[in-house]
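Q: In the numbering used here, each residue carries its 1-based index in the sequence shown increased by 1227. In this text, a Cβ means the ideal position worked out from N, Cα and C, and glycines have one as well.
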Amino acid sequence: MYDRILRLELPRPAKIVGFADDIAITVVAKHLDLVEFYSNETIRLVRAALTELGLQTADQKNEVLLVTSRKVTETITVRAGGHYITSAPCIRYLGVHIDARLRFEEHLRIVSDKANRVAGALLGLMPNIGGPRSSRRRLYANVVDLILLYGALAWSEAAKKQSYTRRAASIHRRACLRVFCGFCSISHEATYVLASIPPLTLLIDERSRLYSRRLESVGSEERAKTIEEWQAQWTRSRKGRWTHRLIPNITPWIERRHGEVDYHLTQLLTGHGCFRSYLCWSNNDTSDLCPVCPAAVEDVEHVAFRCPRFTEEREVLHRLFGGPLEPEMLVGFMLETESNWLAVSTFAHSVMTRLRGAKRGQEEDDRMMRYKVCRRAWVRSPLGEFSRFVFFAWCGRACARGGAGTTQKEDPGYVISLRSGKKKNPITVRAGSDRITISRSPRRGLTKLAIDGAQHSHDEVRSENHTHKRAPDAGAKAQLERMMVPEARTTLTR
């Protein structure tokens, strides 16, 4: 049926491209009036041929695109039946968005948005801890790549401009990170190697080469070229050098027949994990020195191959290997047999779990130290207003929080700073055997403090003039009920 349409005698500048039920007419001319004339004539001939075949066209759905390199934006209007159609800046044909400059910037933006939505849904199925194994995760990541690479042979030249493909490459990398449960701080180069997925730019070039040789069976040959170029980039790069030290050659890694990369093994292969050097680099620790070896930096090499804390776990690997292991031998040892891979994975799980436990213990100790320095309580004023007081605890002497001329006096061991409550009504609470009364001073921003009737001057106690307001939600209501317990609002511990 379509042969008659494709064999129509058309004006010389016009051509017809057909795929399924979509027909595209291309007209090449130097002047706009010639473009409109040849376009109208071609459309008339195609509509007449379709009418003879008993078919009708949806003229209102036709789209027109004027491709030009002129800086001034121009438009044309063509006629299809009883409809006049003005050229648009971008049209969609066979799933590819074509713009007037043939930059395909709009196509990459739309495709990136779609891939981002799909990636967001798929990433919810791939948490860092638990979830499917890495081989299944790689299958999910390929779904994102199929969306990004659709029609790559048409816009492969546009992909050479980095600004056009930056967002698409970011989505591709995010999907690769979830394949091996990696942190976002891992370099792009190491990400692609550990995920066994080439960079997006290399995949685009491979698709373009495959289309140019589509009549030949050259899939494996073109993939070998992609891996060769990928290997050259991996060798030249200055990032991810610890991973490169473990995996200098990409081919044995991506062609392995066994082994799954999980959350703990990834930290060993990248050096991005609960190591003090990494935590200090990311501002999550104050020192990068090993707590057992004070002269050594606690990085991944020291922990996995040197630190005496993990000698017992390391001996298991040494017995399997038949001697001491070095970083350059680790991945080769893993790729030999599945039992070797499992042994290294178990070693990584044990080491990283212990490091994480030690880090959590340190964080808990730091939190308790901060809690001892400053203790907070809530008291209720006579008008029903809740005010927050901060108690700074010392043994014997306390420094009153005043401005200039602050003095130190012997007192029961605490200083109270009024943080809220601007009412002039006195607030009375009891701390042990002492009866404490706090009231507003005539001088603005100051308070009076009386402990068992003994007045203290306003230079010793200062009001912060800070009002604490809580949102009227369920959490605030529960907190309010807890604060209304008599012990919480009247008993203040030194």
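Does F1407 come out as helix, strand or coil in the three-state DSSP assignment?
A: To locate residue 1407, count along the sequence shown from 1; it is residue 180. In the structure shown, F1407 sits in coil (DSSP, three-state: anything other than H, G, I, E or B).
Q: L1376: which of M1353, C1411 and V1338 sits nearest, CA to CA?
A: Residue numbering aside, residue 1376 sits at position 149 when the sequence shown is read from its first letter. Checked all of M1353, C1411 and V1338; the closest Cα to L1376 is V1338.
Q: Going residue by residue through the stretch 1479 to 1509, where are the continuous alpha helix (DSSP H) segments of at least 4 residues, counting only ones entirely within it?
A: 1490 to 1497 and 1503 to 1508
Q: Would you call the stretch 1395 to 1409 in contact with the stretch 1440 to 1460, where contact means no fewer than 3 C-beta pairs closer than 8 Å?
A: no
Q: Is the beta carbon of F1537 less than 8 Å from the beta carbon of V1578?
A: By 1-based counting over the sequence shown, the position of residue 1537 is 310. By 1-based counting over the sequence shown, the position of residue 1578 is 351. Here F1537 is near V1578, since their CB atoms are less than 8 Å apart.
Q: Could you please give the first and the last residue of the uninterrupted beta strand (DSSP E) stretch that includes H1311?
A: Numbered from 1 along the sequence shown, position 84 holds the residue referred to as residue 1311. Note on residue identity: the sequence assigns Tyr, not His, to residue 1311. Where Y1311 is concerned, the enclosing beta strand (DSSP E) stretches over H1310 to T1313.
Q: Where does the unbroken beta strand (DSSP E) through H1324 begin, and where does it stop?
A: Locating residue 1324 in the sequence shown gives position 97, counting from the first residue. First-last of the beta strand (DSSP E) with H1324: V1323 to D1326.
Q: Return the CA-CA distance between T1295 and W1508, expressed in angstroms with no decimal places.
A: Here residue 1295 refers to the residue found at position 68 of the sequence shown. Here residue 1508 refers to the residue found at position 281 of the sequence shown. One C-alpha to the other measures close to 51 Å.
Q: How many Å lie between V1267 and V1305 at the Cα?
A: Translated into the one-based positions of the sequence shown, residue 1267 becomes position 40. Translated into the one-based positions of the sequence shown, residue 1305 becomes position 78. A small correction: the amino acid at residue 1267 is Asn; Val does not occupy that position in the sequence shown. Rounded to the nearest angstrom, the two C-alpha atoms are 6 Å apart.
Q: Assign P1551 to buried or exposed, taking buried as 16 or more other Cβ atoms, counted over all protein chains shown, within 10 Å of its Cβ.
A: What you label residue 1551 is simply residue 324 of the sequence shown in a count that begins at 1. So P1551 ends up on the exposed side.
Q: Measure the beta-carbon distance from L1259 to E1301 and round it to whole angstroms, keeping in mind my assumption that it falls under 8 Å.
A: On the sequence shown, position 32 is the one that residue 1259 refers to. On the sequence shown, position 74 is the one that residue 1301 refers to. Contact holds; Cβ gap of about 7 Å.
Q: Using 10 angstroms around the beta-carbon of E1553, count the other beta-carbons present and answer buried if the total reaches 16, otherwise exposed.
A: The sequence position of residue 1553 within the sequence shown is 326, counting from 1. Answer is exposed; the Cβ neighbour count stays below 16.
Q: Is F1548 near the ligand ADP, going by C-beta to nearest heavy atom under 7 Å?
A: This structure lacks the ligand ADP; in fact it carries no ligand of any kind.
Q: Taking the alpha carbon of N1511 as the point to measure from, which residue in Y1311, N1355, E1590 and P1238 has its own alpha carbon closest?
A: As a first step, residue 1511 must be located in the sequence shown, where it is residue number 284. When each option's Cα is compared against that of N1511, the closest is E1590.
Q: Reducing DSSP to helix, strand and coil, say where F1574 ends up.
A: Walking along the sequence shown from the start, residue 1574 turns up at place 347. In this structure, F1574 counts as helix in the three-state DSSP scheme.
Q: Would you call the stretch 1490 to 1505 and the stretch 1515 to 1532 touching, i.e. three or more CB-CB distances under 8 Å?
A: yes
Q: According to DSSP, is R1624 helix, strand or coil?
A: The residue labelled residue 1624 in the question sits at position 397 within the sequence shown. Residue placement at R1624 is poorly supported in this model, since its pLDDT is 31, which falls under 50; the coordinates still yield a value, given next. R1624: strand per DSSP, three-state reduction.
Q: Does the separation of the CB atoms of T1278 and I1252 fall below 8 Å?
A: Residue mapping note: residue 1278 aligns to position 51 of the sequence shown, counting from 1. Residue mapping note: residue 1252 aligns to position 25 of the sequence shown, counting from 1. No Cβ-Cβ contact shorter than 8 Å links T1278 with I1252.
Q: Please check the pair R1472 and E1540, which I expect to be a contact at CB under 8 Å, by giving their CB distance rounded to whole angstroms.
A: Within the sequence shown, the letter at position 245 stands for residue 1472. Within the sequence shown, the letter at position 313 stands for residue 1540. R1472 to E1540, Cβ: 21 Å. No contact.
Q: What does the Cβ neighbour count give for C1517, buried or exposed, with the cut at 16 atoms within 10 Å?
A: The residue you call residue 1517 lines up with position 290 of the sequence shown. Burial call: buried.
Q: Let me make sure I understand the geometry here. Which of R1234, Q1287 and E1563 has the alpha-carbon closest to that of L1272?
A: By one-based count along the sequence shown, residue 1272 stands at place 45. Distances from the CA of L1272 to each of R1234, Q1287 and E1563 were compared; the closest alpha carbon is that of R1234.
Q: Would you kindly check if the distance between the Cβ of V1370 and the Cβ of V1345 is under 8 Å?
A: Taking the first residue of the sequence shown as position 1, residue 1345 is located at position 118. Taking the first residue of the sequence shown as position 1, residue 1370 is located at position 143. Cβ atoms of V1345 and V1370: closer than 8 Å.
Q: Rank R1336, H1310 and S1314 by C-alpha distance to the C-alpha of I1303 and give the top, closest one.
A: Sequence index remark: in the sequence shown, residue 1303 carries index 76 (1-based). Looking at the Cα atoms, S1314 is the closest of the given residues.
Q: Out of curiosity, what's the CA-to-CA distance linking K1298 and P1316?
A: As a working note, residue 1298 is residue 71 in the sequence shown. As a working note, residue 1316 is residue 89 in the sequence shown. Cα to Cα, the separation comes out at about 13 Å.
Q: Determine the burial state of P1425: buried for a count of at least 16 other Cβ atoms within 10 Å of its Cβ, exposed for fewer.
A: To locate residue 1425, count along the sequence shown from 1; it is residue 198. Looking at its Cβ environment, which holds 16 or more other Cβ atoms inside 10 Å, P1425 is buried.
Q: For the stretch 1467 to 1482 and the stretch 1556 to 1576, state whether three or more C-beta atom pairs, one from each stretch, are separated by less than 8 Å.
A: yes
Q: Once DSSP output is grouped into helix, strand and coil, what is the label at L1349?
A: As a working mapping, residue 1349 is identified with position 122 in the sequence shown. Looking at L1349 - three-state DSSP - the assignment turns out to be helix.
Q: Tell me which same chain residues have a C-beta within less than 7 Å of the C-beta of P1535, skipping the five on either side of it?
A: Your numbering for residue 1535 matches position 308 in the sequence shown. Within the same chain, P1535 has close Cβ partners V1519.
Q: What's the C-alpha gap between S1414 and K1466?
A: Along the sequence shown, read from residue 1 onward, the residue named residue 1414 stands at position 187. Along the sequence shown, read from residue 1 onward, the residue named residue 1466 stands at position 239. Distance between the alpha carbons of S1414 and K1466: 6 Å.
Q: As a quick exercise: from L1430, E1448, G1358 and N1355, pick the residue whose alpha carbon is nearest that of T1392.
A: In the sequence shown, the residue the question calls residue 1392 occupies position 165. For T1392, the nearest C-alpha among the options comes from L1430.
Q: Let me check understanding here. Comparing Cα to Cα, which of T1580, L1506, E1416 and V1488 lies closest to L1569?
A: On the sequence shown, position 342 is the one that residue 1569 refers to. It is V1488 whose Cα lies nearest to the Cα of L1569.
Q: Could you pull the start and end residues of the alpha helix (DSSP H) that D1526 belongs to?
A: On the sequence shown, position 299 is the one that residue 1526 refers to. No alpha helix (DSSP H) holds D1526; DSSP gives it neither H nor E.
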